[in-house]
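Using the working numbering, read the sequence shown as starting at 59 and increasing by one per residue.
Working notes, beginning with the structure itself.
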Amino acid sequence: MVSLWLPHPSTIFALNHYILALLALTSITGDYIVSHTKLHLFQALFDNATHATVGGLSWLYVCVNYKNRSHLQTLLEIAACAGVASLIDVDHFVSARSFRLKDATSLSKRPPLHCSTFPVIFCLGLLLLSYVCQVEVWKKVSLIVLTAFVSHHTRDATRRGFWVYPFGSTPPIPYYGYVGLTCLIPFVVCELYRVVKVEGARFHFVSKGSVI
Ligand SMILES: [Zn+2]
């Protein structure tokens, strides 16, 4: 039996704002630490940890706004989103065919998982399959993967823009545009969650102090 978390409406409202503030703070602090760290290895580790934290916080925002999940399920979903957001950078090593950080970070072109066309096609394909095969959980998986990729690509876009194959790359996005977009992503994913009708409805505030 799933133990449901039924928070007070003001709790959800406050949590949403705390998470958005944390997202902005994590992005800015993470970038500050990366740019002020001398050692290449620590730069890479802090950079990756920032990707993971931003991915995890983005999915936490979605979890806070939708019911029908246990605490354990919430933790697993957040860990999955953080894990995917972090693992995307493994393709630097795969493309370099080397375990050396220097090789992985000095590629002449961007590795395939950094192409933004990929998560869009993957998620649309998985969503379509979930309807055809009627596997409800694939809808959620597609949105977790989408959140992880979009948050990662948005952070990378401050340096190299978005790579949208076959159209090429956009110019790098302005720094505070990236922070704003990072805070906007979980909000958009919440709307997608509703549109694709993932199991577990959004909290509805029926009267002062009650939530269904
Ligand atoms: Zn990256």
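For each residue, glycine too, the CB sits at the ideal point set by N, CA and C.
Within the same chain, show all residues whose beta-carbon is closer than 6 Å to that of residue i, passing over the 5 residues directly before and after it, in chain order.
| i | result |
| --- | --- |
| serine 265 | Confidence at serine 265 is low in this model, with a pLDDT of 42, below 50, so the placement of that residue should be treated as unreliable; the coordinate-derived value is given next. Answer for serine 265: no residue qualifies. |
| aspartate 161 | Ala154 |
| serine 144 | Asn106, His109, Ala110 |
| leucine 171 | Ile146, Asp149 |
| serine 227 | Gly219, Trp221 |
| aspartate 89 | none |
Who are the Cβ neighbours of residue i in its own chain at under 7 Å, not counting the five residues just before and after it?
| i | result |
| --- | --- |
| tyrosine 233 | Thr216 |
| valine 159 | Inspection of the sequence shows that residue 159 is occupied by leucine rather than by valine. Excluding sequence neighbours, leucine 159 sits near His98, Leu99, Ala102. |
| serine 174 | His211, Phe220, Trp221, Val222 |
| glutamate 135 | Trp117, Cys121, Ile202 |
With a 10 Å radius around its C-beta and 16 neighbouring C-beta atoms as the bar for buried, classify residue i as buried or exposed.
| i | result |
| --- | --- |
| lysine 197 | buried |
| threonine 69 | exposed |
| valine 112 | buried |
| histidine 75 | exposed |
| methionine 59 | At methionine 59 the pLDDT is 45, less than 50, meaning the model places this residue with poor confidence; the figure from the coordinates comes in the next sentence. Label assigned to methionine 59: exposed. |
| serine 188 | buried |
Taking Cβ positions, are residue i and residue j nearer each other than 7 Å?
| i | j | result |
| --- | --- | --- |
| tyrosine 119 | isoleucine 86 | no |
| serine 200 | leucine 185 | yes |
| aspartate 149 | proline 177 | no |
| valine 24 | alanine 82 | No answer is possible for residue 24: the residues shown for the chain start at 59 and end at 270. |
| valine 208 | isoleucine 243 | yes |
| cysteine 241 | leucine 204 | no |
What are the partner residues of residue i, as DSSP defines its beta bridges?
| i | result |
| --- | --- |
| valine 222 | Gly226 |
| cysteine 173 | Trp221 |
Which same chain residues, not among the five before or five after residue i, have their C-beta less than 8 Å away from its C-beta?
| i | result |
| --- | --- |
| cysteine 248 | Tyr119, Val120, Asn123, Tyr124, Arg260 |
| alanine 140 | Ala110, Thr111, Gly113, Gly114, Trp117, Ala206 |
| phenylalanine 157 | Phe151 |
| isoleucine 231 | Thr212, Ala215, Thr216, Gly219, Phe220, Leu239 |
| threonine 95 | Gln101, Phe104 |
| leucine 250 | Leu201, Leu204 |
Report yes if the C-beta of residue i is less than 6 Å from at least one heavy atom of ligand 1; otherwise report no.
| i | result |
| --- | --- |
| aspartate 149 | no |
| aspartate 214 | yes |
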